Amino acid sequence: MALTKQDRRLRIKRRIRKSIAGTAERPRMSVFRSNKQISVQIIDDLSGQTIVATSSLIKEITEKTTTKLEQAELVGKAIAEKAVAAGITSVVFDRNGYLYHGRIKSLADAARNSGLKF
Numbered sequence: 026m027a028l029t030k031q032d033r034r035l036r037i038k039r040r041i042r043k044s045i046a047g048t049a050e051r052p053r054m055s056v057f058r059s060n061k062q063i064s065v066q067i068i069d070d071l072s073g074q075t076i077v078a079t080s081s082l083i084k085e086i087t088e089k090t091t092t093k094l095e096q097a098e099l100v101g102k103a104i105a106e107k108a109v110a111a112g113i114t115s116v117v118f119d120r121n122g123y124l125y126h127g128r129i130k131s132l133a134d135a136a137r138n139s140g141l142k143f
């Protein structure tokens, strides 16, 4: 029997998470994408703490956007600004099983252009 989309993504996610872990020096930047929204967290896996988080539901982003791709770019810029303000310059990117194109790619590119290294 064929896998559903969610099962396939969860398999990819588990495979990726075997090799990716965030530390205090280089935390993990985890992306979650739903059909309407996108959110990002920067996580220190050793202590189990979320250091910085943002999503497309914050007021500044919902007022400016028209498309989901623009939404992802603004979230990428916002997370980079918050991370730099918290003293984080380098992260490990966790695409969470999603393919690296579209909204995930635009979020990553915007975060890179705003000062994060990964």
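Just so you know, our numbering puts 119 at position 94 of the sequence shown, and the rest follows in order with no gaps.
Built from N, CA and C at the ideal position, the CB exists for glycine as well.
If you're wondering where the values come from, they're calculated on a predicted model, not measured in any experiment.
Reference residue i; option with closest CA among the options
i      : options                         : result
Gly122 : Ala135, Ser55, Glu50 and Asn138 : Ser55
Ala46  : Arg120, Asp134 and Ser81        : Arg120
Ala49  : Ala111, Arg36 and Leu28         : Ala111
Sheet register partners of residue i (DSSP bridge)
i      : result
Phe143 : Beta-bridge pairing links Phe143 to no other residue.
Ile68  : Arg53 and Thr75
Euclidean distance between Cα positions of residue i and residue j
i      : j     : result
Ala105 : Arg33 : 29 Å
Leu82  : Lys89 : 11 Å
Any chain D beta carbon closer than 9 Å to residue i
i     : result
Gln74 : No chain D is present in this structure, which holds just one protein chain.
Contact under 9 Å by Cβ, residue i with residue j
i      : j      : result
Val77  : Ile86  : no
Ile67  : Ile113 : yes
Lys102 : Asn138 : yes
Residue span of the beta strand (DSSP E) that contains residue i, given as start and end
i     : result
Arg58 : Arg53 to Arg58
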